[in-house]
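Q: Residue numbering for the sequence shown follows UniProt numbering, starting at 1 and increasing by one per position.
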Amino acid sequence: MTISQHSLSLSLFLSAHRKVCKLCRCSQEDHSLCSDAEDDKRIGRLLAESKYSNLTARVKGGDGTRIYKRNRMIITNPIVSRKDPTFDTITYEWAPPGLTQKLAILYMELIPKEMQPVAGTQGAQYRRRLLMKQLPIYDHVPSQCHNLSEREAKEMEDFVKMYKENALGVGEVALPGEGGAHKEDDKKNGKQPPVEGHLAPNGTLGESHKMAEYHCEHCKQTVKKEHPAVYAERGGYERLWHPACFVCSKCREPLVDLIYFWKNQTLMCGRHYCETEKPRCAGCDELIFTEDYQLADGRAWHKQHFACMKCEQPLVNKAYSLEQAVLLCTACSKNSQHV
């Protein structure tokens, strides 16, 4: 089903803890997307109190909440074929910050057209689906989780603090050899760079990375010197990626708004990074912060969520059927076979 078909129905068919539709089993990002304002609040909370809080702004008159300063780009081109002067306007719902418009446009042209976040297109919807999928709010805001104990909430807070300090990053777009140029300016001004990069023997991040040829870390192909590339500060400025190659090493999807997590010398989206650190409940999709949980066929559940997908009967210590990630009691499994 399409987003428009689902947009009014999601809240009607979600169970108390599940984040999928009971009718079609589609995920919530396929059902109904958040508004732009909600997206910006969610990403603002992720980046707040991190080394990338400069990409957020404090809400005036609020409770200290920070929102994401999402960079948009509006391109206006005159239509010369008509008598009256008219203009064709294209709005990108996100664009890499800190670039000239010419370089930002070139960056967008290096991304598949169906993934370009142009307002009113499938590319814009694709970006918003990635936000919900890769950076679920319940992976970084304990209050958005179901019934965490005080101990679990504290453990989650510590976990989020740890990954903000050690793994969370935002990609930087620059021409090959110019990544980290602003770090040199900070050093000259006596400022410490936000994250330790890999320095050349002379301690610089700029000229030492000028090379005769550049290769993408992902596809190993040449990166043209006149084309913008993406740098991941946590990986060091000797590495760079084609814009279309800056993807999660697990799901292979583009890292939305260049927000990445760095682990074992690879890029990951937030969802898959968290899953390398904590088990994720197959019932509620939230991370598990207790040692007492249910395992079955390589999947994990909170014990209270190990229940039949159809009738919600608890299944701990009971017979069950698990096929194609659908957990059913024996009665519902038999009924489904006769449909």
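Even glycine gets a Cβ: it sits at the ideal position worked out from N, Cα and C.
State the Cα-Cα distance for the pair Leu148 and Lys164, rounded to the nearest angstrom.
A: Here residue 148 refers to the residue found at position 148 when the sequence shown is read from its first residue. Here residue 164 refers to the residue found at position 164 when the sequence shown is read from its first residue. Leu148 and Lys164: Cα-Cα distance of roughly 21 Å.
Q: Would you say Ala282 and Trp301 are within 8 Å of each other, going by their C-beta atoms?
A: Position 282 of the sequence shown holds residue 282. Position 301 of the sequence shown holds residue 301. Yes, Cβ-Cβ distance for Ala282 and Trp301 is below 8 Å.
Q: If I measure Cβ to Cβ from His140 and keep anything under 6 Å in the same chain, skipping five residues before and after, which residues do I get?
A: Your numbering for residue 140 matches position 140 in the sequence shown. Around His140: Leu46 and Val160.
Q: Along the chain, where does the beta strand (DSSP E) containing Met115 start, and where does it finish?
A: As a working mapping, residue 115 is identified with position 115 in the sequence shown. Counting along the chain, Met115 falls outside any beta strand (DSSP E), and DSSP gives it neither H nor E.
Q: What first and last residue would you give for the alpha helix (DSSP H) that runs through Arg280?
A: As a first step, residue 280 must be located in the sequence shown, where it is residue number 280. Premise fails: Arg280 is in no alpha helix (DSSP H) and is neither H nor E.
Q: Helix, strand or coil: which one does DSSP assign to residue 397?
A: Here the chain covers residues 1 to 339 and nothing more, so residue 397 does not appear.
Q: Whose C-beta lies closer than 6 Å to the C-beta of Arg299 among residues of the same chain, with five residues either side of it excluded?
A: To locate residue 299, count along the sequence shown from 1; it is residue 299. These residues qualify, in order along the chain: Ala282.
Q: Can you grab the Cα-Cα spacing for the pair Asp285 / Tyr320, in whole Å?
A: Within the sequence shown, residue 285 is the residue found at index 285, counting from 1. Within the sequence shown, residue 320 is the residue found at index 320, counting from 1. In a straight line, the C-alpha of Asp285 is about 20 Å away from that of Tyr320.
Q: For Phe289, which residues in the same chain have their Cβ closer than 6 Å to its Cβ, ignoring the five residues on either side in sequence?
A: Translated into positions along the sequence shown, residue 289 becomes position 289. If we look at Phe289 and ignore the five residues flanking it on each side, its Cβ neighbours are Glu152, Glu155 and Met156.
Q: Going by C-alpha to C-alpha distance, which of Thr100, Asn77 and Pro85 sits closest to Thr91?
A: Here residue 91 refers to the residue found at position 91 when the sequence shown is read from its first residue. When each option's Cα is compared against that of Thr91, the closest is Asn77.
Q: Roughly how many angstroms separate the alpha carbons of Gln134 and Asp257, rounded to a whole number?
A: Against the sequence shown, residue 134 aligns to sequence position 134. Against the sequence shown, residue 257 aligns to sequence position 257. About 11 Å.
Q: Please report the distance separating the alpha-carbon of Glu226 from that of Ser53.
A: The residue you call residue 226 lines up with position 226 of the sequence shown. The residue you call residue 53 lines up with position 53 of the sequence shown. Distance between the alpha carbons of Glu226 and Ser53: 30 Å.
Q: Inspect the beta-carbon positions of Glu109 and Gly169 and report whether they are closer than 8 Å.
A: Here residue 109 refers to the residue found at position 109 of the sequence shown. Here residue 169 refers to the residue found at position 169 of the sequence shown. Their beta carbons are not under 8 Å apart, which means Glu109 does not touch Gly169 by this criterion.
Q: How big is the Cα-Cα spacing for Ser35 and Arg42?
A: In the sequence shown, counting from the first residue as 1, residue 35 sits at position 35. In the sequence shown, counting from the first residue as 1, residue 42 sits at position 42. Those two C-alpha atoms are separated by around 11 Å.
Q: Enumerated in chain order, which unbroken segments of the beta strand (DSSP E) with a length of 3 residues or greater are wholly contained in the UniProt domain "LIM zinc-binding" (214 to 279)?
A: 229 to 231, 259 to 263 and 266 to 268
Q: For Arg72, does the three-state DSSP call read helix, strand or coil?
A: In the sequence shown, the residue the question calls residue 72 occupies position 72. DSSP, reduced to helix, strand and coil, places Arg72 outside both helices and strands of the structure shown, so it counts as coil.
Q: Please list the terminal residues of the continuous beta strand (DSSP E) segment that includes Phe159.
A: By 1-based counting over the sequence shown, the position of residue 159 is 159. Not the beta strand (DSSP E): Phe159 falls in the alpha helix (DSSP H), residues Glu150 to Asn166.
Q: Does the beta-carbon distance from Val173 to Tyr214 come in below 8 Å?
A: Start at 1 with the first residue of the sequence shown, and residue 173 comes out as number 173. Start at 1 with the first residue of the sequence shown, and residue 214 comes out as number 214. No, they are not a contact pair.
Q: What are the boundary residues of the alpha helix (DSSP H) that Gln304 is part of?
A: Counting from one through the sequence shown, the residue named residue 304 turns up at place 304. Careful: Gln304 lies outside any alpha helix (DSSP H) and carries neither H nor E.
Q: Quick check: the segment 243 to 262 against the segment 120 to 135, are at least 3 beta-carbon pairs closer than 8 Å?
A: yes
Q: Grouping DSSP H, G and I as helix and E and B as strand, with all else coil, what is Ser333?
A: Along the sequence shown, one-based indexing puts residue 333 at 333. DSSP places Ser333 in helix when its eight states are reduced to three.
Q: Count the other C-beta atoms from every protein chain shown that fall within 10 angstroms of the C-beta of Pro201, then say buried if there are 16 or more, exposed otherwise.
A: Working through the sequence shown from its first residue, we reach residue 201 at position 201. Legend: pLDDT at Pro201 = 36, less than 50; position of this residue unreliable, value from coordinates given subsequently. Answer is exposed; the Cβ neighbour count stays below 16.
Q: Identify, in the order they occur along the chain, each residue of the same chain with its Cβ nearer than 7 Å to the Cβ of Ala296, setting aside the five sequence neighbours on each side.
A: Your numbering for residue 296 matches position 296 in the sequence shown. Correct list, in chain order: Leu322.
Q: Roughly how many angstroms separate the alpha carbons of Gln337 and Lys303, rounded to a whole number?
A: Start at 1 with the first residue of the sequence shown, and residue 337 comes out as number 337. Start at 1 with the first residue of the sequence shown, and residue 303 comes out as number 303. Whole-angstrom Cα-Cα distance: 26 Å.
Q: Going by C-alpha to C-alpha distance, which of Tyr293, Gln221 and Glu217 sits closest to Gln265?
A: Residue mapping note: residue 265 aligns to position 265 of the sequence shown, counting from 1. The option with the nearest alpha carbon to Gln265 is Glu217.
Q: Let me make sure I understand the geometry here. Which of Tyr293, Gln294, Ala37 and Arg271 has the alpha-carbon closest to that of Pro136?
A: Counting from one through the sequence shown, the residue named residue 136 turns up at place 136. Taking only the C-alpha atoms, the option nearest Pro136 is Arg271.
Q: Taking Cβ positions, are Cys269 and Cys245 nearer each other than 8 Å?
A: Taking the first residue of the sequence shown as position 1, residue 269 is located at position 269. Taking the first residue of the sequence shown as position 1, residue 245 is located at position 245. Their beta carbons are not under 8 Å apart, which means Cys269 does not touch Cys245 by this criterion.
Q: For Gln324 and Glu312, I'd like the C-alpha separation in whole angstroms.
A: On the sequence shown, residue 324 is found 324 positions in, with the first residue counted as 1. On the sequence shown, residue 312 is found 312 positions in, with the first residue counted as 1. One C-alpha to the other measures close to 18 Å.
Q: Taking the alpha-carbon of Pro117 as reference, which of Lys102, Leu99, Trp94 and Ile105 has the nearest alpha-carbon?
A: As a working mapping, residue 117 is identified with position 117 in the sequence shown. Residue Trp94 is the option with its Cα nearest to Pro117.
Q: Spatial neighbours of Ile145 within its chain, please: C-beta separation below 6 Å, excluding the five flanking residues on both sides.
A: By one-based count along the sequence shown, residue 145 stands at place 145. Note on residue identity: the sequence assigns Cys, not Ile, to residue 145. Taken in chain order, the residues that qualify are Tyr138 and Glu286.
Q: Consult DSSP for residue 370 and reduce its assignment to one of helix, strand or coil.
A: Shown here, the chain extends from 1 to 339; a query on residue 370 therefore has no answer.
Q: Is the beta carbon of Thr56 less than 8 Å from the beta carbon of Ile74?
A: On the sequence shown, position 56 is the one that residue 56 refers to. On the sequence shown, position 74 is the one that residue 74 refers to. Result no, Cβ atoms of Thr56 and Ile74 do not sit closer than 8 Å.
Q: For Gln122, which residues in the same chain have their Cβ closer than 7 Å to its Cβ, ignoring the five residues on either side in sequence?
A: Counted from its first residue, the sequence shown places residue 122 at position 122. The residues are Glu114.
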